[in-house]
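Asks:
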Amino acid sequence: MSQILRDARRYEEARDRQIADEPRPSFHLSTRTGWLNDPNGFSYYNGEYHLFYQYHPYDSHWGPMHWGHAVSSDLLHWRYLPAALAPDTDYDRDGCFSGSAVTLDAGRHMLMYTGVVKETQSDGSSREVQTQCIAIGDGTDYEKFSGNPVLTEKDLPEDGSRFDFRDPRVWREKDGTFRCVVGNCTPQKDGRILLYSSPDGMKWKFEKILISNNGRFGRMWECPDFFPLDNKQVLVVSPMEMMPEGLKFHVGHGTIYLTGTYDKTTHTFTREDVQPVDSGIDFYAPQTMKAPDGRRIMIAWMQAWSNSKFVPEGVKYFGQMTVPRELTLKDNRLIQKPVRELEAYRSNRVCHEKVKITEETSLEGVSGRVIDMTVKLKADDNFHEFCMKVAQNEDYYTSVSYDIHRKVLCVDRSHSGYLYDIMHRREISVEPMDGMITLRCLMDRFSLEIFINDGRQTASFTLYTPQNAEGITFAAEGEAEISVEKYTLSF
């Protein structure tokens, strides 16, 4: 173990005691100390779910990337383990960037990640040269492979950028072959995904460009994931510098999924459709894994890069993940639902059926900041706009409204406690299903995740409203009919 990693682990232990009373989410993973961004190495190993994450232990802002580490038996209660990786070799001295994990034949846990080295250019500027590296361990301690880096600029196609070559997603085929996809782009910043293969996980070769963006969806494609789901193949990527497209795709860093077919003989992915993974503000770099019971489960960083420099004053850690989500595919659309384990922590059920709403109204027993609440809105012509306010007191609230004529859901956190001029409002096209709009709202102290129409669409948001703002009200222009089912979540 290097001195750099040993120092990070010692710092973690000391910092644990200093920030033990810091308010935290109840069931969303937050960082042990310092800064958290992308999920890494999401996997099931030795009887536990493992989740690593991009990590700067020494500051609540982004810095030299380590890999933090946590484990869970139920995907909701997380136990911190010591930092797994630190930037401590010649090939990753400026950062251990995102990657993934797989189990080897010998039962060892292999991490594949991007090593970063800053290089001074002829004009005096600095750029990051990126390579792919491996570490092997036992679920707690990991040793970097003596043959690192295993993929370098020599393994790129002719016009591949060595400065944008990152985020390997590794898996193993039934025949034992290891494969991985890696994000890359051309010198013009046009994103594409590269496919590699290996007989043993150590020696890798370039197979082909799996798919190219051709200037369509943003620029560099980060954090790819590639997996079969319900007789289709799904590619998830996080494009940088997206341009808006109506209300479907929003400006900035986004996350999209491409559905289609995959020929394993020719390694040909044929795209059929492209959709946003999440239509909220705070969702990036998701990663999936296959659980022992066969479920495909996804987790993401619940934060927008554009907002990430605005760390709440006095907070000694920053960053959290989304709730883990079960994925299925229906009518070529990704369906996302909170993992079913969450239901075991529900209590104090409150139910209101077919309530008529006009002026702002509170319903008995409907409040809280750690809740699982489903609101069913009858989509008829008796109202123009319906509005629900959550995390509310005299000074603060976050509004969730639906315009029946435009068929647009709008989430607005302009009054949610942020003191910065950053993005707060998001509009989402939402069609009624069977004459209803269904909103399942998960709240966990500092977040709101909305699962729309049984998970056909989702929208994720961080909230820094004071915790005593826990009121929930409903109102309508005209008369809206709603049914509400609300549970307290106790952990």
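Just so you know, our numbering puts 149 at position 149 of the sequence shown, and the rest follows in order with no gaps.
For every residue, glycine included, the Cβ atom is placed at its ideal position computed from N, Cα and C.
Take D282 as the anchor and find which of H253, T488 and H352 has the nearest alpha-carbon.
Replies: In the sequence shown, counting from the first residue as 1, residue 282 sits at position 282. Closest option to D282, Cα to Cα, is H253.
Asks: To the nearest whole angstrom, what separates the beta carbons of K499 and E479, a pair I think is in contact under 8 Å?
Replies: There is simply no residue 499 to check, as the chain begins at 1 and stops at 491 in what is shown.
Asks: Under 6 Å Cβ to Cβ from A86, same chain only, skipping five residues before and after it: list those, please.
Replies: Residue mapping note: residue 86 aligns to position 86 of the sequence shown, counting from 1. Contacts found: I4, L5, A8 and H66.
Asks: Within the chosen definition, does the stretch 173-185 reach the stretch 49-69 through at least 3 CB pairs nearer than 8 Å?
Replies: No, they do not touch.
Asks: Give the single residue among T103, L377 and Y142 whose Cα lies nearest to the Cα of T358.
Replies: Position 358 of the sequence shown, counted from the start, is the residue given in the question as residue 358. For T358, the nearest C-alpha among the options comes from L377.
Asks: So is G68 buried or exposed if we call it buried at 16+ other beta carbons inside 10 Å?
Replies: Here residue 68 refers to the residue found at position 68 of the sequence shown. By the neighbour-count rule (16 or more Cβ atoms within 10 Å), G68 is buried.
Asks: Tell me the DSSP secondary structure of D7 in three-state form.
Replies: As a working note, residue 7 is residue 7 in the sequence shown. Looking at D7 - three-state DSSP - the assignment turns out to be helix.
Asks: Quick one: what's got a C-beta closer than 6 Å to H415's C-beta in the same chain, skipping five residues either side?
Replies: Along the sequence shown, read from residue 1 onward, the residue named residue 415 stands at position 415. So the qualifying residues of the chain are Y396 and Y397.
Asks: Output the distance between the C-alpha atoms of N348 and T361, rounded to the nearest integer angstrom.
Replies: The sequence position of residue 348 within the sequence shown is 348, counting from 1. The sequence position of residue 361 within the sequence shown is 361, counting from 1. Near 21 Å, if we compare the C-alpha coordinates of T361 and N348.
Asks: Which residue comes first and which comes last in the beta strand (DSSP E) that contains T462?
Replies: Reading the sequence shown from its first residue, position 462 is the one you call residue 462. Start and end: Q457 to T462.
Asks: Ordered along the chain, which non-local residues of its own chain (more than five positions away) have a Cβ less than 7 Å from that of R333?
Replies: Looking up residue 333 in the sequence shown gives position 333. These residues qualify, in order along the chain: Q275 and R456.
Asks: Would you mind reading off the limits of the beta strand (DSSP E) that contains G191?
Replies: As a position in the sequence shown, residue 191 is number 191, starting the count at 1. Here the beta strand (DSSP E) through G191 covers G191 to S198.
Asks: Please confirm whether G124 and M112 have their CB atoms less than 8 Å apart.
Replies: Start at 1 with the first residue of the sequence shown, and residue 124 comes out as number 124. Start at 1 with the first residue of the sequence shown, and residue 112 comes out as number 112. Contact: no.
Asks: Going by the CB atoms, is the gap between Q392 and A469 shorter than 8 Å?
Replies: Sequence index remark: in the sequence shown, residue 469 carries index 469 (1-based). Sequence index remark: in the sequence shown, residue 392 carries index 392 (1-based). A contact, by the Cβ cut-off of 8 Å.
Asks: Report the rounded CA-to-CA distance for N148 versus V366, giving the unit in angstroms.
Replies: Mapped onto the sequence shown, residue 148 falls at position 148. Mapped onto the sequence shown, residue 366 falls at position 366. Taking the straight line joining both Cα atoms gives about 55 Å.
Asks: By the DSSP assignment, the beta strand (DSSP E) with L439 in it spans what residues?
Replies: As a working note, residue 439 is residue 439 in the sequence shown. Segment M436 to D444, the beta strand (DSSP E) holding L439.
Asks: Using a Cβ-Cβ cut-off of 8 Å (strictly less than) and excluding sequence neighbours within five positions of D164, which residues of its own chain qualify?
Replies: On the sequence shown, position 164 is the one that residue 164 refers to. Around D164: Q130, G183, N184, C185, K189 and M220.
Asks: Which of helix, strand or coil does DSSP assign to N307?
Replies: On the sequence shown, position 307 is the one that residue 307 refers to. In the structure shown, N307 sits in a helix (DSSP, three-state: H, G or I).
Asks: May I have the straight-line CA-CA distance separating H405 from E153, to the nearest angstrom?
Replies: Here residue 405 is taken as the residue at index 405 of the sequence shown, counted from 1. Here residue 153 is taken as the residue at index 153 of the sequence shown, counted from 1. Cα-Cα distance, rounded: 53 Å.
Asks: Is D444 buried or exposed, if buried means 16 or more other CB atoms sit within 10 Å of its CB?
Replies: For the purposes of this step, residue 444 is identified with residue 444 of the sequence shown, where counting begins at 1. Under this definition D444 is a buried residue.
Asks: Quick check on the burial criterion: 16 or more other C-beta atoms within 10 angstroms. Buried or exposed for R425?
Replies: As a working note, residue 425 is residue 425 in the sequence shown. With fewer than 16 other Cβ atoms within 10 Å, it is exposed.
Asks: Nearest to K316 by alpha carbon, out of Y11, E431 and I19?
Replies: For the purposes of this step, residue 316 is identified with residue 316 of the sequence shown, where counting begins at 1. Of the listed residues, the one whose Cα sits closest to K316 is I19.
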